[in-house]
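Note sheet for the following structure.
So, in structure tokens, the structure goes:
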């Protein structure tokens, strides 16, 4: 009796190990009325590697023949998957450029965070490395930078190791941080967004979620992309730096000296402003609702039109199709 109206697949069209293929075949055979939708982040991987993977996993055929809609959680101004990954005209016609996902809700005000840290009006630099499994080098270079500059440091640094960092590495960082002024070190916080919102500068990797937080809050940022496995973070950090939205340091450029120069430079300029579309969630809602009702996506002057009741801001936001 289970007759789904919608199947929303995240990122990998066939499933990570092809496990979705039987379900997709079943739906198309027995429940052709079910709409099948793929969600794509702004960047999958390098064009060469993505095209190779898509050919090997049959992704191109799935996009052409099985999926009814492709929700692109990015903006072609930043990175265009249609041209980069050589998607067919059929697949391109299904792609909806939704924009980035706004992430700005916080539990505490910046003043409350500053009172907790006891930093007054000092600039606050927040360093986050996601889960922390491969973030030790970034945090170690930040602590070395603070230690080497000592009295020249006029800002407070908050570092979050992440719960997945090996315990011995966490202990080494705590030992080094304990001897430094103007440094706070957490293993984990359930309220990272409040600290990011209170910051004057964020140092982080270039994962999609953290990048969305930085873009939503329009914070100064230094992105140090993960170098292993995929080129996704390197492409994202480099492209955002080209647009003047962030500063970027590649892992092989990372030293206490280069980091100091990047921090000093970033803190001297005003927080960035950008025109990237951050209204992804209401655009996704509108696109899926239109698909389910076999209706056109609401438009105004050739753009997706978001009613104020759906928008996270008071004014209506629009984006190019």
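Numbering (the numbering used here), first residue to last: 883 to 1203.
Glycine residues also receive a C-beta, built at the ideal position from the N, C-alpha and C atoms.
Following the DSSP letters along the chain, one finds residue 892 inside the beta strand (DSSP E) bounded by residues 888–892. Note that the segment 919–939 touches the segment 891–905; at least 3 beta-carbon pairs, one per stretch, sit closer than 8 angstroms. Residue 908 carries a helical assignment under DSSP once its states are collapsed to helix, strand and coil. Ranking 917, 903, 967, 1061 by CA distance to the CA of residue 886 puts 917 first. Distance from the CA atom of residue 960 to the CA atom of residue 883, rounded to whole angstroms, is 44 angstroms. Taking all protein chains in view, the Cβ of residue 1081 is crowded by 16 or more other Cβ atoms within 10 Å, so the residue is classified as buried. Of the candidates 1083, 1178, 992, 1083 places its Cα closest to the Cα of residue 1101. Where residue 1170 is concerned, the enclosing alpha helix (DSSP H) starts and stops at 1162–1174. Note on residue 927: 16 or more other CB atoms within 10 angstroms of its CB, so buried under the neighbour-count rule.
For residue 1027, no beta strand (DSSP E) run applies; the uninterrupted alpha helix (DSSP H) run containing it begins and ends at 1018–1031, by DSSP.
DSSP links residue 1103 through a beta bridge to 1084. Within its own chain, the residues whose Cβ lies closer than 7 angstroms to the Cβ of residue 1047, once the five positions on either side in sequence are excluded, are 1014, 1015, 1017, 1018, listed in chain order. It is roughly 24 angstroms from the alpha-carbon of residue 1091 to the alpha-carbon of residue 941. Between residue 1130 and residue 1168, the CB-CB gap reaches or exceeds 8 angstroms.
A residue is called buried when at least 16 other Cβ atoms come within 10 angstroms of its Cβ; residue 888 does not meet this threshold and is exposed.
Distance between residue 1054 and residue 1001, taken at the CA atoms: about 24 angstroms.
No residue range can be given for residue 899, since it is assigned to no beta strand (DSSP E) and is classified by DSSP as neither H nor E. DSSP places residue 979 within a strand segment (E or B) once states are collapsed to three. Contact between the segment 1117–1130 and the segment 1032–1044 is absent: fewer than 3 CB-CB pairs across the two stretches fall below 8 angstroms. In this chain, the alpha helix (DSSP H) harbouring residue 964 covers 963–966. Residue burial is scored here from C-beta neighbours: residue 1039 has at least 16 other C-beta atoms within 10 angstroms and is therefore classed as buried.
In the DSSP assignment, residue 1143 falls within the alpha helix (DSSP H) that extends over 1138–1149. In the three-state scheme derived from DSSP, where H, G and I count as helix and E and B as strand, residue 1058 is classed as helix. With respect to residue 1009, residue 1127 sits apart: the two C-beta atoms are not nearer than 8 angstroms.
Inter-segment contact for the segment 938–952 and the segment 1138–1149 is absent: fewer than three beta-carbon pairs are separated by less than 8 angstroms. When the Cα atoms are used, residue 996 and residue 1147 turn out to be separated by approximately 23 angstroms. Taking all protein chains shown into account, residue 1108 has 16 or more neighbouring C-beta atoms within 10 Å of its C-beta and is therefore buried. In this structure residue 938 is exposed. Its beta-carbon is surrounded by fewer than 16 other beta-carbon atoms within 10 angstroms. The beta carbon of residue 1027 lies closer than 7 angstroms to those of 1138, 1141, 1142 in the same chain, with the five residues before and after it left out.
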